[in-house]
Each structure stands twice: as C-alpha cells, then as structure tokens.
Amino acid sequence: MNLVLAISLIILALVAGAAIGFFAARKYMMKYLKENPPINEQMLRMMMAQMGRKPSEKQVKQMMNQMNKMQK
Numbered sequence: 007m008n009l010v011l012a013i014s015l016i017i018l019a020l021v022a023g024a025a026i027g028f029f030a031a032r033k034y035m036m037k038y039l040k041e042n043p044p045i046n047e048q049m050l051r052m053m054m055a056q057m058g059r060k061p062s063e064k065q066v067k068q069m070m071n072q073m074n075k076m077q078k
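Counting in this note's numbering, the sequence shown runs from 7 upward without gaps.
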C-alpha cells in the first residue's frame, strides 16, 4: 500500500513540476519578447539600406506598425 502511495505521489509531483515549469518559462519568454522585440526600427532601416533603398521615416513607421499587428 505504501509503495503505491509513494509512486502516485512521485508521478503527481512530476506532473505538477512540469506544468509549473512550462507556465513559468512561457511567462518569462513572453516578457522577454515584449521588452526585446526581435526587430526594431534601426534593424529595419539597416535591412532596407542593404537592399539598396533609403527608407523614409513614414515607411519605417508603416513597416513597424504592420509587424506589430502581425504579432498580436
């Protein structure tokens, strides 16, 4: 009887630990991506310059708005 109880408690602890770890990691990554977006305005300007374009401020803002809409 004690062996069955011990095994079930171990399994329950593993499942609870995995669930808590998953949600903690998810929350951390969401916070990290919100604070450090993958592409910012400076990177966008650099990419457009490499393609041979001189972007205006309006074009950069439009591209950033489109990227932000796609993330949400």
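Quick reminder that beta carbons are idealized off the backbone N, C-alpha and C, glycines included.
What would DSSP say about K60, mapped onto helix, strand or coil? coil
Own chain partners of M69 with C-beta closer than 7 Å, once the 5 adjacent residues on each side are dropped: L50
Can you name the start and end residues of the alpha helix (DSSP H) that M36 belongs to? N8 to E41
Thinking just about the alpha-carbon of each residue, which of Q77, E47 and K75 is nearest to the one in Q65? E47
From N74, F28 and M7, residue whose alpha carbon lies closest to that of N42: N74
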